[in-house]
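Have a look at the structure below before the remarks.
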Amino acid sequence: DLRDPARPKISGELQVPGWSTYIQPLGDRLVSVGIDNTNGWRVAVSLFDVRDPTKPALLSRVPLGENHSWSEANSNEKAFTVLPKAGLILLPYQGHTTNGYASRVQLIDLNADSLVARGTIEHRMAPRRATLHRDHVVSVSGRELLSVNVTDRDQPVVRANVELSWPVNRVLLAGDYLIEVSAGAGQQRQSDPLLRVVRAADPDRLAGHWALTNGLAVLGATVREGKLYVVTGEPVLPWLRVYRAELNTNSTTQATNAPNLFLTVFDLSRLPDLRPIGAVGVATAPMDGLGQVEAAWPKPGLVVWTAGQPDTSRYPWVAMDVAAPLGRSGLWLRPWWGWGGGGRLFAFDVTSPDTPRLVAETNLSRTNEWTQFSRPIALNGLVYLSHQDYETQDVGFRTNIYTQTTYTYETNVVVRTNIIRVPYQVTRTNTGVVTNITNLGVLYRPFEAVDSAWMAAMAMGRGLAAGAHHGAALGPGGTAWTWGENADGQLGDGSNADRAALALVPGLGSVRAVAAGGRHSLALQAEGAAWAWGADMFGQLGDGPPKPDPFGIPMPEVGANLPVQVVGLAQAVQLAGGLYHSLGLLADGTVRAWGDNSFGALGDGTTTRRSSPGLVADLVGVAWVGAGGWHSFAVQTNGMLWAWGRNHRGQLGDGTVVNRAVPVPAGVGDAVTAAGGLAHSLELRADGSVWACGANEVGQLGDGMPSDRSLLAPVPGLGDVVAVAAGSWHSLALGEDGTIWAWGRNQAGQLGDGTRTDRRRPVQVAQLSGALAVAA
């Protein structure tokens, strides 16, 4: 009640599930958009009756999606279109459904006392806005502008479609022209396979095109001697693939023997006119999401296509009983995640381009369990590949166990190709066997639900860390190095002297990652052991409670200026440090935490500090952990971001400012990593975008605004980001091109832009390019 503005008071209240992010008054009604958290995390539209302010009532609610969904309207009310005269609400949203990824506009009838969900308008990527013009809805996304007849609101009909942009997966040069390849793959149905021709001098004007109408994605393309060779295979979106399966077995076979791999040859002599002159389709073993293929030419007229990713998608996910025509067991509906097919080679004879033919194929990974195949190199009639391998060891107890897995790059895997067959011979390097094969390197890295380019950048990031006033880095030969302030022994060199140059941390070997907290440091060894040094006033070193003195009097946790081992932590794969707490991710996908727990940063449901690792509640399948000042993060392999701890500025991103002692979901399920400052947070998503929430007094959210946010919102102007980092009041992003962008507080020049002016939007760090990692 605001009748007395100097003394506002609560007139009435109503408890409802979830919360609203925007409320629009309509006379004695309120219509809102927000989040319904009763069954997952779903966008919801609600209608309230406020005729009696002392007794508000929820009249109707329409949640969208199945378990998790999201809308731009949750962070920008301009995306929420309410049309009272037409009795219509238009709401764009997206999310995972049983049948795939949905990007759509929901039509909702707005009645005096109810909301009714009607039909939807489907888009190929996230719609941004929609409005009504007579009996048509005009709906726009980054890809297209749709005009949709909604005379029947249950069955909207698209009448016109204007393409605003298109994805280009590969560009090939052919004389004065560029050939743009839209592969047509992707979970979100964002494109159809298409070849476009533009002049190199005028790339914005379309000169010609050719639609690939067989419904298959472009897997590879190459230009050679005036011809374009294109390989297609697999449905554009095999989100649910149909297989017949025998009862009680793991084997599957495709339902048909139709061709599933095609090579099409185009003549480039009449560009921009693009026409096929020859094609061949072959039925081969199930493709299992072959991914990208690369062309190698070991000899004229012979092209060998190779796939470089591991063959891993062999898991049926959902079983349904079906009628007899589909077989005696059932129908397997299997999601396809876009990996698989590694080590497969297909040789085509293209001596006569108008009649190409498959002459041989082989699969190097089917029986050998080799993975991570390199791009092919062709020389003197041979194709050269490298790969990774692993072994098991029989320990004599009638069981095989996995030993410490060492991934070794192997060279000289020779594939001989000719017109008749593709046999192969392998020279391998095994433990204890000395051969002439050069060991190119050893890689330790846990599974992450991102592709190799992202993983490489993040793996580099684990070799660089920054605390409040000190730094740590991974050195050659598995060593750890530190520099900066050392009052609490956070440099780990046995002294308390500050250092302006790198200092070796003694006694540590086989280090594969470093992390830093406010005044302490951590190191992870190859075998999974964790070490810590520095301040320990809250038990953040994790070496257990202090031993009592000879008289039995408990001693304070004073810290250590040399490394001490974190107790009870085995098979760790990642470490993270907060201001006064620490996190460890184990190989089994669970998370441990120790140190300060005043605001619930340990995620164990209490606020009791711990001096040794304890289990974070309700988290499994985790691929990444991170820590802010007094809060923590975890990203699961499915991309779901979880946060817990202090939340006084909204830094957990759950739409509240309530501290959480157990993990709560944040984001929409496509996170890659997260980073935290004292009271703000950053999320890096799989599409390369950066999102932020929490405190924003000096612009650390990068949105140009002065207000805090309790829900994640995009940082404008950033794309193709591969890593993020957060300092106390500033933020950093590493671009795929090696540039670094910074925003937030800059009183000490921490943004690197040549000024000491705070920045509310990202600015490029000056005089720095080719960067591989960021830390703050």
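In the numbering used here, the protein residues as written are 6 to 781. All C-beta atoms, glycine included, are put in the ideal place defined by N, C-alpha and C. Fair warning: this is a prediction, and the values are worked out from it, not measured in the lab.
Query: Closest Cα partner of residue 680 within the set 729, 541, 75 and 760; Result: 729
Query: Contact check, residue 523 vs residue 566, beta carbons under 8 Å; Result: no
Query: Paired residues, beta bridge with residue 128 - DSSP; Result: Answer is none; residue 128 lacks a bridge partner.
Query: Cβ pair residue 161, residue 113 closer than 8 Å; Result: no
Query: Secondary structure of residue 482, DSSP reduced to three states; Result: helix
Query: Residue 653 - partner residues in DSSP beta bridges; Result: Answer by DSSP bridge pairing: none, since residue 653 is not bridged.
Query: Residue closest to residue 676, alpha-carbon to alpha-carbon, out of 29, 691 and 666; Result: 691
Query: Close Cβ partners of residue 330 (< 7 Å) along its chain, the five nearest in sequence each way excluded; Result: Residue confidence for residue 330 is low, a pLDDT of 32 falling below 50, so the modelled location carries little weight; the figure read from the coordinates is stated next. Same-chain partners within the cutoff: there are none.
Query: Distance between residue 75 and residue 641 (C-alpha atoms, nearest Å); Result: 18 Å
Query: Given 8 Å, three or more beta-carbon pairs between the region 11 to 24 and the region 644 to 655; Result: no
Query: Supposed close pair residue 361, residue 273 - CB separation, criterion 8 Å; Result: Not quite, the Cβ-Cβ distance comes to about 16 Å (not below 8 Å), so this is no contact.
Query: Assigned secondary structure, residue 16 (DSSP; H/G/I helix, E/B strand, else coil); Result: coil
Query: Same chain, Cβ closer than 6 Å to residue 507, neighbours up to 5 away in sequence not counted; Result: 486 and 488
Query: Environment of residue 73 [buried if 16+ CB atoms lie within 10 Å]; Result: buried
Query: Residue 448 versus residue 146: straight-line alpha-carbon distance, rounded; Result: Model confidence at residue 448 stands at a pLDDT of 28, short of 50, so the residue's coordinates are unreliable; what they give is reported in the following sentence. Roughly 41 Å between the two C-alpha positions.
Query: Inter-residue spacing [alpha-carbon to alpha-carbon] between residue 365 and residue 352; Result: 5 Å
Query: Own chain, CB closer than 6 Å to residue 749, minus 5 neighbours either side, in chain order; Result: 703, 704, 705, 734, 735 and 736
Query: Runs of beta strand (DSSP E) wholly within the region 481 to 510 (minimum 3 residues, chain order); Result: 484 to 489 and 504 to 509
Query: N-terminal and C-terminal residue of the beta strand (DSSP E) that residue 753 is part of; Result: Residue 753 -> no beta strand (DSSP E), and no H or E assigned at all.
Query: Where residue 130 falls, given that 16 or more other Cβ within 10 Å makes a residue buried; Result: buried
Query: Cβ neighbours of residue 661 in the same chain (closer than 7 Å, five flanking residues each side left out); Result: 652 and 715
Query: Simplified DSSP assignment, three categories, for residue 83; Result: helix
Query: Contact check, residue 5 vs residue 631, beta carbons under 8 Å; Result: Residue 5 lies beyond the range of the chain shown here (6 to 781); nothing can be said about it.
Query: Residue 579 burial status per 10 Å Cβ neighbour count (16 or more: buried); Result: buried
Query: Closest residue to residue 607 among 210, 480 and 584 (Cα-Cα distance); Result: 584
Query: 3 or more residues per run - each beta strand (DSSP E) lying fully within the region 164 to 232; Result: 175 to 179, 182 to 187, 199 to 204, 207 to 216 and 221 to 229
Query: For residue 658 and residue 70, the rounded distance between their alpha carbons; Result: 20 Å
Query: Beta-bridge pairing of residue 304 - partner residues as DSSP gives them; Result: 307
Query: Contact under 8 Å by Cβ, residue 115 with residue 38; Result: no
Query: Status (buried if at least 16 other CB within 10 Å, exposed otherwise) for residue 526; Result: buried
Query: Beta-carbon gap between residue 547 and residue 616 smaller than 8 Å; Result: yes
Query: Alpha carbon of residue 305 to alpha carbon of residue 740, nearest angstrom; Result: 40 Å
Query: Where residue 783 falls: helix, strand or coil (DSSP); Result: This structure does not reach residue 783, given that the chain is present from 6 up to 781, and the question cannot be answered.
Query: Environment of residue 33 [buried if 16+ CB atoms lie within 10 Å]; Result: exposed
Query: Three-state secondary structure assigned by DSSP to residue 772; Result: coil
Query: Simplified DSSP state of residue 160, which is helix, strand or coil; Result: coil
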